[in-house]
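If you're matching positions, the sequence shown starts at 70 in the working numbering and goes up one per residue.
Ideal Cβ placement from N, Cα and C applies to all residues, glycine included.
Computed from a predicted structure; not experimentally measured.
Okay, so here's the structure we're looking at.
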Amino acid sequence: MTPERPAFFETRIEYLKGVGPARAALLNTELHIFTYADLVQHYPFRYEDRTRFHEIRELTEEMPAAQLKGRLRYWEVVGEGPKTRLVGTFTDGTGTMDLVWFQGISWLEKNLRRDGEYVVYGKPVAFGGKFSITHPELEVLTPENEAGGYWQPVYNLTDRLRKRHVDSKVIARMQRTLLEAALPYVRETLPAELIQKYRLISKRDALWHIHLPANEAALHQAKRRLKFEELFYNQFRLIKQKLIRKTDYAGQIFTKTDLVTQFYKDHLPFDLTNAQKRVIREIFEDLRTGRQMNRLLQGDVGSGKTIVAFIAMLLAVANGAQACLMAPTEILSDQHYQGLKPYAEAMGLKIVELTGSTNKKGRRLIHEGLLDGSIHLIVGTHALLEDPVQFRNLGLCIIDEQQRFGVAQRARLWAKNPTVYPHVLVMTATPIPRTLAMTLYGDLDVSIIDELPAGRKPIKTVHRYDSHRLAVFGFLREEIRKGRQVYIVYPLIEESEKLDFKDLMDGYESVARAFPEYQLSIVHGRMPFRDKDYEMQRFIRRETQILVATTVIEVGVNVPNASVMVIESAERFGLAQLHQLRGRVGRGAEQSYCVLMTDVKLSKETRQRLETMVRTNNGFEIADVDLKLRGPGDLSGTQQSGVVDLIIADLAKDGEILKAARECAQAILDDDPDLVLPQHAPIRDHVESVRADERNWARIS
């Protein structure tokens, strides 16, 4: 029988041999390592190949690093001031090279041994036909290290740790000490059938080889096992939550469709696409089951999510319930309100808007109307979450641009109907790669609108350097002469509002000088909402031809007559944001254009971003490239939603493992939702040992 496990892994780190109170305090503050469990799950982020020794004559500049053994013949201090350095001559019988240090010179002079034998490790660089290594790792040659033959794990560290002589080698020694004591306490967390099916190594072997790999094959197997386990429990938790919601949380039953039929017959201004019809069917299926709907609606910019949302709201109202739509900004809230108001009024329904700008009297009337049920539909911002906002019978909550809101905010909307939780539809125009959607929204059912309304032409995107500005301005003038309008967007970088403002005002002045014959609007985040709205309305009414703005127009602004989007300093934007901004044009039947303006000096990654934008309009393809370039942590709001909490799996690279893990979790929960079968005991025992607040169920807790 396994010894008492949780107590062992909860042992404080200071009790590990070789750590002690002072080092433990450092590990606490610098790496958030408090217990044995924290240390064993502090995985290396890369490994150095110390399996062989190179000779000086073999060195090439292409080598990321090389390990050598030989003699330090002599050294001298050269240069003055900041260029002072210690240069040593190192030889191994096949050639000589320089070892160079800029720091710690006096300590080295005291401790180096002339003609001493050393093992050297570092990146070789050639200069004038001779190789050198700057700040090499240097160890006195011993019978142990002369044997070579190991992989050196490299751990995340901080400057403070390095200054206190805690480097990757020290942490690797701690891991060895811990693992030698811990292995009897490591419990298998996956059923035998999965281990056999995917030829996974045991949990014990995986923990040993992730820190102390015997060779590359052992390291590969350790990573594969730990990634599979982590993604399996990630999906297991999400699918389990979804099952609990479907079985434990009742939803109001909406079966009457008379309002929707009336809307289709008398007021629908255009034919719905097949994708829109499919999504409406999926939503209706949810709403009539008596179980709570939790659905994510993904659709690229301009694919017609708002009309689908309105039809879902009509289903709620037809069945005696109220519906709300929450948007992240006042501009977007106002646009939804203005867009839905004519439809609602034509149907004899009362619709209102509640934002931070709503005055006291307006709020009071809204609060009363929601409570007595005379208000059927409400559109608003975070103001909808405030305590005084109470409903007579809230049946449906729609959240637009879901990634701007955290999980806690979704929960506050649920609490607005204490009798029976409202159905929830979350919408996003930010295409989410499949792997990220599975881990971020794996507890939701997903609907996708994957076709644009008829008559829309794909937006043509080009990349131009600042030196082409006159030609770009000439093109803008041609478009305006055809009766079109233009957006010119400047970047908003949070760190420096003053800098952005200067960029924007300088840009505004240069555009005004270039187009003296046309009217300009300007919109930025520091303007009061009323002024922003006034400028936007002038642009919508075609009183101005050019709108100069920061990224406040990124989400949801709809001006069908605007056909050109110029994005200044496009290299300062992420892919998702560029795609969102581009989606502000192409909303009418005319050909639209997006011009990405940049400086000529660009990094490789930036070029890849811009080439992707020029090559494709497909939001899902763009999202996949974005995930590979930036990693999941940066993608809109995933950090603040607190769902992705992975230690070793990488969503950009481990899509196949994720898919297999999800299928396994789904099959086990379909077959044995309460984990009563003996073969599922490892999962049951592990889940029971996980703390209630733990997001990552694969952790040793």
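A direct Cα-Cα distance of roughly 10 Å separates residue 201 from residue 130. Membership of residue 675 in the alpha helix (DSSP H) is indicated by the continuous run 673-684. Approximately 5 Å separates the beta-carbon atoms of residue 769 and residue 106; this is inside 8 Å, confirming the contact. Boundaries for residue 530: no alpha helix (DSSP H) harbours it, while the beta strand (DSSP E) harbouring it runs 529-534, taken from the DSSP string. Going by C-alpha positions, residue 77 is about 25 Å away from residue 297. By the criterion of a C-beta distance shorter than 6 Å, residue 436 is surrounded in its chain by 457, once the five residues flanking it on both sides are discounted. Rounded to the nearest angstrom, the gap between the Cα atoms of residue 434 and residue 449 is 15 Å. A direct Cα-to-Cα measurement between residue 230 and residue 667 gives close to 40 Å. In this structure the region 361-377 touches the region 476-494; the number of beta carbon pairs closer than 8 Å is three or more.
Annotation for residue 696: the continuous alpha helix (DSSP H) segment containing it runs 688-699. Bridge partners of residue 468 according to DSSP: 395, 495.
Its chain contains 573, 577, 604, 616, 617, 618 as the residues whose beta carbon lies nearer than 8 Å to that of residue 591, once the 5 sequence neighbours on both sides are disregarded; these appear in chain order. Residue 540 and residue 633 have their alpha carbons spaced roughly 14 Å apart. As far as DSSP is concerned, residue 723 takes part in no beta bridge. Taking a cut-off of 8 Å on C-beta distances, the region 237-247 touches the region 103-120, as three or more cross pairs fall below it. Assigned with DSSP and collapsed to three states, residue 255 falls in coil, not helix or strand. Within the model, the alpha-carbon separation for residue 199 versus residue 167 is close to 8 Å. For residue 517, the enclosing beta strand (DSSP E) has its first and last residue at 514-518. The residue from 382, 280, 754 with its alpha-carbon nearest to that of residue 116 is 280. Straight-line measurement puts the Cα of residue 359 at about 28 Å from the Cα of residue 519.
Residue 384 is positioned such that its CB atom lies closer than 9 Å to that of residue 465. A straight-line Cα-Cα distance of about 6 Å links residue 218 and residue 121. Contact between the region 314-328 and the region 487-497 is established, with three or more Cβ pairs separated by less than 8 Å.
Going by C-alpha positions, residue 152 is about 35 Å away from residue 641. For residue 175, the uninterrupted alpha helix (DSSP H) segment begins and ends at 174-180. Across the set 526, 560, 378, 580, the C-alpha of 580 shows the shortest separation from the C-alpha of residue 546.
Between residue 227 and residue 100, the alpha-carbon positions lie close to 8 Å from each other. About 6 Å separates the Cβ atoms of residue 159 and residue 139, confirming a contact at the 8 Å cut-off. Cβ atoms of residue 392 and residue 467 come within 8 Å of each other, at about 7 Å.
Of the other Cβ atoms in all chains shown, 16 or more fall within 10 Å of the Cβ of residue 368; this residue is therefore buried. In this structure, residue 149 sits away from residue 137, with a CB-CB distance that is not shorter than 9 Å. Cβ neighbours of residue 439 within its own chain (closer than 6 Å, five residues either side excluded): 460. In the three-state DSSP reduction, residue 525 falls in the coil class, being neither helix nor strand.
Counting every other CB atom within 10 Å of its CB across the protein chains shown gives residue 370 a total of 16 or more, marking it as buried.
Contact between residue 352 and residue 494 is confirmed by a C-beta separation of about 7 Å, below the 8 Å threshold. Closest by C-alpha distance to residue 271, out of 254, 294, 222, 288, is 294.
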